[in-house]
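Protein chains in written order, with the working numbering: chain A, 195 to 703; chain B, 3 to 480.
Note that CB positions come from ideal geometry on N, CA and C, so glycine has one too.
Since the model is a prediction, treat every value here as computed from it, not as a measurement.
Some notes on the structure that comes next.
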């Protein structure tokens, strides 16, 4: 029963699209009601299942899923021509990411209520995007994983180019093509994983039982890691993110920054580092060097920007850099911090983009120099934005503090000077983060209000609901992190066990 | 021991089929729908009969073992028949008497007959067991294409394209004949088993010359680098349905030719010719992708796109026979459906406007379903999952990677990004650009709508369903 429900997570969005296909585009209210119902239902299902994963922790799981402790495990032969299977399951990490996705999709559907253009197509694309993200987090077969992973490209371009603002075609193309570039780097290495491992299987579990040849790992790991890192905007592949986010409609920015960029980090952890731990140990120090840009320079760039979405995009770049810092630390604490940061940042950037979208809908500008005094007219939205900002700069009580401090502790445990220096720089860069967040909040929310803003209204009930729910999630993680750590640890343990067991050969190190 | 088992019935029907279609003209006037109906019934019947043959039931050899039917052959027949059927459907509108009372082309019966002959040629290529039949098949497949290219007699471009095509095609034929004659000289026999035995016994410079000439010859037909230059002009000059048939049937025939050759008589030296195949594949897909970047006319664009696809499909030839053949057949199915979907959309647009990128503007607002169909076909050709094109390409790369050609596979995969760029350009025209006020509105007939929906569902569904594990109706025996 639970297994069927679990599989429904990615099927329901798809079914919604099919159900809506014959309905005429003029019945907007019916369509929106259907999509909102489906998103709410999925959210409900995911919450129930997340609770089940928590409740079940400690009990034995399916043997076939070893070394992972997977619940709701399903393994069905799928494409016999190349031995692909349909393998899905949930351990703590991906279940929490699924929950994050469900929240963001639900919020995304609600904030795009008044989107301009063909609403039928837009909501169908959101659901397809949701399917793809759910699928990525659920699947444990590399072909299935990749199919879902690249599906996003199809939806993203159309959504940004048709429903976006500003340089939407440019932004959409840049985003789609860069992400496609990343995924083709991944695809190129997948074949090698299949053949070089000697097990001739796409299953992550099967592949983890062998040690891949070192000369293969040496070229495949950087290719695959960077391929995943493209979608998490690791320097030097960060350039798509500011233009893409700024051109995208609100819901797409939320989904892209909130959940899609985590797919990359998740892939780095679950596929690249897990399957090629020997090469990971050799290559990850170089990744730490790249992080200096993400973590240290990202916030400085954000200070110079005037466009709200650019500021948030650069803030995302720096926060995602912290995820990689946690991953590169290669300590259990670091990995847990990275996973926590994936979830925490998903909620906070979702909240960020949601409030920005709502404010933009009213002011029709995202330039902070043109805005002012918004707090007087839209106190609710203003507070939502400030709370997102506080969570972003790691104020204790919010999830950001928990995640970031765990990462810093984990990274500092790593016995390498470079990592420690970068960690210290990263801790210092929180100050920079505070500068741009407070400066933005100050210019936008306070000060003189332009006369044309007199008629603006505060958020309606639908918008308030989105903000309240997202803030509640941020606070929940921040105040009782033990619950989440407990779920996370059971999925990080097998990954760390595999990584720590890997012996690095002397060559090339 | 000479009997005709059911394996060969579809081939025999297809052999008499064009004569029946053309012959039906004797009994009806030029506006009659009878040839069109016969064509539909005949092709569908053959398709169903082919699907009744259970796969993996061994192979049969007929006619003094000059004609062979195996799994690859059966599936290739299905691809070719499917292509012919879709080509016939696509061409129907061009023979219709429009508002001005004049159809764009005349003589539908002969047109269908020519397509059927080309299809039969393709089937001969996959069935042949000796170089003579093999060569005849290739010629039967090519010569009707020359006529089809110039079918619209009043069109200057079409005539020019046909002239170019004939000249290039004859050179290619000469290359092939030369190659075959050297092969004969080397092996001392025409039958594939004799050639196979001679090749396995040892190579000689004579064999390499033969292989080189054969690859050059087929390079023209498959639009491989550096022999692809005729394709854009011919694709642009020919009527749209002919371009579609040309890009699917004739490409399928050419790749089948290579597959039969590489996995048949030349199998012992597959490893030695792998670098040549890899080089041709890599350069062709790169050149095709580069060429497509700057096109503004739809059919010219499709020409470069299909050049690139030819490069991708060559990657499969590097793999072992079983995987390589499956990959090729699977990809051809996918490619046929995606390509025809694109050409159906272009055809509908071409009826009302010029076939350029500019004519696509505002399509998503005027006719959202057509815009969605176009996006589906373009994303499928670009190889974006979950559409069929991705699984097709995955098959091809899988085949190439089986023998460890990671470099080429990586290069081909990265080239996909380039391909995605130009397919997105086209989608942008349809989805993002604002419509020009003076474009004539689009009207779809019921048949056009049905075909577009059918093909769109096909492109979406074929990909992730476990396809090709057996024929559709193989459970029934006849």
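Where residue i meets chain B, residues with beta-carbon distance less than 7 Å
i: residue 348/A; result: 381, 386
i: residue 315/A; result: 370
i: residue 345/A; result: 387, 388
i: residue 363/A; result: 430, 434
Contacts of residue i in chain A (Cβ-Cβ under 8 Å)
i: residue 433/B; result: 352, 355, 356
i: residue 403/B; result: 385, 386, 388, 389
i: residue 419/B; result: 371, 374, 375, 378
i: residue 408/B; result: 382, 385, 386
i: residue 399/B; result: 381, 385
For residue j and residue i, the rounded distance between their alpha carbons
i: residue 318/A; j: residue 374/B; result: 12 Å
i: residue 49/B; j: residue 302/B; result: 31 Å
i: residue 202/A; j: residue 309/A; result: 28 Å
i: residue 481/B; j: residue 110/B; result: Shown here, chain B extends from 3 to 480; a query on residue 481/B therefore has no answer.
i: residue 665/A; j: residue 422/A; result: 29 Å
i: residue 695/A; j: residue 339/A; result: 26 Å
i: residue 703/A; j: residue 470/A; result: With a pLDDT of 41 at residue 703/A, under the threshold of 50, the predicted position of this residue should be treated as unreliable, though the coordinate-derived value follows. Spanning the two alpha carbons is a distance of roughly 15 Å.
i: residue 327/A; j: residue 296/A; result: 10 Å
i: residue 384/A; j: residue 594/A; result: 34 Å
i: residue 644/A; j: residue 635/A; result: 16 Å
i: residue 603/A; j: residue 526/A; result: 10 Å
i: residue 211/B; j: residue 34/B; result: 52 Å
i: residue 83/B; j: residue 45/B; result: 7 Å
i: residue 675/A; j: residue 607/A; result: 21 Å
i: residue 234/A; j: residue 299/A; result: 9 Å
Short Cβ contact (9 Å threshold) for residue i with residue j
i: residue 467/A; j: residue 693/A; result: yes
i: residue 337/B; j: residue 394/B; result: yes
i: residue 321/B; j: residue 414/B; result: no
i: residue 130/B; j: residue 86/B; result: no
i: residue 578/A; j: residue 568/A; result: no
i: residue 615/A; j: residue 460/A; result: no
Paired residues, beta bridge with residue i - DSSP
i: residue 652/A; result: Paired residue(s): none; residue 652/A is not in a bridge.
i: residue 271/A; result: 279/A
i: residue 63/B; result: 70/B
i: residue 132/B; result: 193/B
i: residue 284/A; result: 265/A
i: residue 592/A; result: 590/A
i: residue 358/B; result: 299/B
6 Å CB neighbourhood of residue i in its chain, flanking five on each side removed
i: residue 504/A; result: 436, 440
i: residue 605/A; result: 519, 523, 528, 613, 617
i: residue 318/B; result: 326, 329, 330, 398, 401
i: residue 465/B; result: 388, 389, 390, 393
i: residue 411/B; result: 399, 402, 403
i: residue 204/A; result: 325, 328, 329
Residue i: contacting residues in chain B (beta-carbon distance under 8 Å)
i: residue 210/A; result: Neighbours of residue 210/A on chain B: none; closest Cβ ~16 Å, over 8 Å.
i: residue 341/A; result: 387, 388, 392, 466
Within chain B, partners of residue i - CB distance below 9 Å
i: residue 367/A; result: 423, 426, 427, 430
i: residue 400/A; result: Those within 9 Å of residue 400/A in chain B number zero; the least Cβ separation is about 17 Å.
Contact list for residue i against chain A, beta-carbon separation under 9 Å
i: residue 291/B; result: Per Cβ cutoff of 9 Å: no residues; residue 291/B is ~13 Å from chain A at best.
i: residue 416/B; result: 375, 378, 379, 382
i: residue 245/B; result: Correct list: empty, because the minimum Cβ distance to chain A is about 26 Å.
i: residue 332/B; result: 275
Cβ shell of residue i (< 7 Å), same chain only, five flanking positions each side left out
i: residue 311/A; result: 356, 357
i: residue 4/B; result: The pLDDT assigned to residue 4/B is 40, lower than 50, so where the model puts this residue is not dependable; a value taken from the coordinates is nonetheless given after this. Once the five neighbours on either side are set aside, residue 4/B has no close Cβ partner at all.
i: residue 152/B; result: 160, 161, 164
i: residue 210/A; result: 228, 229, 232, 321
i: residue 291/B; result: 310, 417, 420, 421
i: residue 656/A; result: 304, 307
i: residue 402/A; result: 261, 468, 469, 692
Residues that residue i contacts on chain C, provided the C-beta gap is smaller than 9 Å
i: residue 312/A; result: Reference to chain C is not applicable here, since the protein chains of this structure are A and B.
Contact set for residue i: own chain, Cβ-Cβ below 8 Å, skip 5 residues either direction
i: residue 480/B; result: With a pLDDT of 47 at residue 480/B, under the threshold of 50, the modelled position of that residue is not reliable, and no figure is offered here.
i: residue 32/B; result: 108, 109
Contacts of residue i in chain A (Cβ-Cβ under 7 Å)
i: residue 411/B; result: 382, 385
i: residue 328/B; result: 275
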